[in-house]
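Novice: Just so we're aligned, residue 18 is where the sequence shown starts under this note's numbering, counting upward by one. Positions of the beta carbon are idealized from the N, C-alpha and C atoms, including for glycine.
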Amino acid sequence: MKKILAMILALVMVLALVACGGETAPATEAPAAENEAPATEAPAAEDEAPAAEGGNLVGVAMPTKDLQRWNQDGENMKAQLEAAGYTVDLQYAANDIPTQVSQIENMIANGCEVLVIASIDGEALGTVLDQAKAEGIPVIAYDRLIMNSDAVSYYATFDNWDVGVKQGEYIVNALDLENAPEGTTYNIEYITGDPGDNNINFFFDGAISVLQPYIDAGVLVCPSGQTEKQAVATANWATDAAQARFENILASYYADGTELHAVLASNDSTALGVANALASSYTGPYPVLTGQDCDIASVKNMIAGTQSMSVFKDTRTLAAKTVEMVDALMQGTEPPINDTETYNNGTGIIPSFLCEPVAATVDDIQSLLIDSGYYTQEQLDN
Ligand code: BGC
18 MKKILAMILA
28 LVMVLALVAC
38 GGETAPATEA
48 PAAENEAPAT
58 EAPAAEDEAP
68 AAEGGNLVGV
78 AMPTKDLQRW
88 NQDGENMKAQ
98 LEAAGYTVDL
108 QYAANDIPTQ
118 VSQIENMIAN
128 GCEVLVIASI
138 DGEALGTVLD
148 QAKAEGIPVI
158 AYDRLIMNSD
168 AVSYYATFDN
178 WDVGVKQGEY
188 IVNALDLENA
198 PEGTTYNIEY
208 ITGDPGDNNI
218 NFFFDGAISV
228 LQPYIDAGVL
238 VCPSGQTEKQ
248 AVATANWATD
258 AAQARFENIL
268 ASYYADGTEL
278 HAVLASNDST
288 ALGVANALAS
298 SYTGPYPVLT
308 GQDCDIASVK
318 NMIAGTQSMS
328 VFKDTRTLAA
338 KTVEMVDALM
348 QGTEPPINDT
358 ETYNNGTGII
368 PSFLCEPVAA
378 TVDDIQSLLI
388 DSGYYTQEQL
398 DN
């Protein structure tokens, strides 16, 4: 059985690599919609939980279908795990923490052998994870680290600090801050994501690490004064909340003609809110605007010139790595790890695999997103 599984897994890995090389269609279907909740998001049980067949059930808990990327993550994980011979219980929790907890409880009750969890709030899963640990079920934190629980065995994610660094570097280069003439100042505003998502610490601090010398030198200034992580956070990474906050900022600090030169937005759903606010409430020269994920709506905005860059995180690659981890755990071998220093969840370092993020501008869309089969041209056409 193990040999057969290993052969199937090897085949899946080859297929995933070929897909990354652009020769086959992506594992993912077209996402349901751009930043819209598909009609089918039922919090309680989106799919019937599969019966445990022969003890190879994997529970995959995703936060929400509201944001495009989790649809792709879920579909990729399911397809790749099934191709490797596993039965998958994939659930979305509509960003509702009690729903996610009860979905995980059900996965445990149904006999799953490994849990893969992209948490809504990394602090909020406590007891159900103790239950998993008591039953000997390994937990892989997917993309977002689960905090303060010693039930977390592994972490599969992207290099989140590097995501922020790439955003910060883009701003430095786009405004040519290194060559800013003496006395010149540039106005910047900040927006990041959900305070319960540990990733915001890495995205935001990584970007600020690059911008800090220019802030210290007074070259970058923030007219709203909203610079602390908590002040610039966005509950649930929601586009409408981002838009509302920026409409306020623009009305309060820029309505007199003050020019906004740059917005550090940690991801595409918040960048989209900023772009909407700029469209409705700002008439000055368009600022530099960062993002992350290469969501379809943001790629379209890059084409339209209303978002400057994004950071591409290929969810096919993350899914493939996570499937390797699951398979190793199922077979009692060592999961792939390339970082044992960065991610302390409060109970100690969680061994991690960090995939590589790639900065993307409008010039990279063809090679990164279309040639690689991540999107079709039609998906990006208006
Ligand atoms: C992910 C980002 C995503 C954000 C909102 C973060 O945890 O790493 O890719 O944009 O959540 O879904």
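Taking all protein chains shown into account, do 16 or more other C-beta atoms lie within 10 angstroms of the C-beta of Q348, making it buried, or fewer, making it exposed?
Specialist: By the neighbour-count rule (16 or more Cβ atoms within 10 Å), Q348 is not buried but exposed.
Novice: Would the C-beta of K246 count as close to ligand 1, meaning under 7 Å from any of its heavy atoms?
Specialist: No - ligand 1 has no heavy atom lying nearer than 7 Å to the Cβ of K246.
Novice: Does the beta-carbon of G210, which I'm using as the reference point, lie nearer than 7 Å to any heavy atom of ligand 1?
Specialist: Because some heavy atom of ligand 1 lies under 7 Å away, the Cβ of G210 counts as near it: yes.
Novice: Would you kindly work out how many angstroms separate the C-alpha atoms of T364 and A168, rounded to a whole number?
Specialist: Going by the C-alpha atoms only, they are around 9 Å apart.
Novice: Among residues of its own chain, excluding the 5 on either side of I354, which ones have a beta-carbon nearer than 8 Å to its beta-carbon?
Specialist: Taken in chain order, the residues that qualify are Y171, P368, S369, F370.
Novice: Quick check on DSSP: helix, strand or coil for Y171?
Specialist: In this structure, Y171 counts as strand in the three-state DSSP scheme.
Novice: If you run the structure through DSSP and keep just helix, strand and coil, what is I367?
Specialist: Correct three-state label for I367: coil.
Novice: Alpha carbon to alpha carbon, how far is T323 from P304? Give it in angstroms, no decimals.
Specialist: Looking at the two C-alpha atoms, the distance is approximately 9 Å.
Novice: Just to check, is the beta-carbon of D214 closer than 7 Å to a non-hydrogen atom of ligand 1?
Specialist: Yes, the Cβ of D214 comes within 7 Å of a heavy atom of ligand 1.
Novice: Considering only the alpha carbon of each residue, which of A224, G290, I225 lies closest to W254?
Specialist: Closest by alpha carbon: G290.
Novice: Which stretch, first to last residue, makes up the beta strand (DSSP E) that contains G274?
Specialist: Note, G274: premise wrong, no beta strand (DSSP E); not H, not E.
Novice: Take L84 and list the residues in its own chain whose beta-carbon comes closer than 6 Å to its own, dropping the five residues that flank it on each side.
Specialist: These residues qualify, in order along the chain: S286.
Novice: Our contact map puts G223 next to V180 with C-beta atoms below 8 Å; I'd like the distance itself, whole angstroms only.
Specialist: Indeed, because the Cβ distance is near 7 Å, the residues count as touching under 8 Å.
Novice: Between W178 and ligand 1, is the CB less than 7 Å from at least one heavy atom?
Specialist: It does not: the Cβ of W178 is nowhere closer than 7 Å to a heavy atom of ligand 1.
Novice: Taking a contact to mean a Cβ-Cβ separation below 8 Å, would you say R161 touches N216 in this structure?
Specialist: Closer than 8 Å, so yes.
Novice: Considering only DSSP beta bridges, list what A158 is partnered with.
Specialist: BP columns for A158 point to I134, Y172.
Novice: My output table needs one value for E122: the three-state DSSP class, helix, strand or coil.
Specialist: Here E122 sits in helix by DSSP.
Novice: Taking buried to mean at least 16 other C-beta atoms within 10 Å of its own C-beta, is A282 buried or exposed?
Specialist: It is buried - the Cβ of A282 has at least 16 other Cβ atoms within 10 Å.
Novice: Could you tell me the distance, in whole angstroms, from the CA atom of D193 to the CA atom of A250?
Specialist: Rounded to whole angstroms, D193 to A250 spans 27 Å at the Cα level.
Novice: Rank N196, Y207, T116, L346 by C-alpha distance to the C-alpha of Q260 and give the top, closest one.
Specialist: Nearest option by C-alpha distance: Y207.
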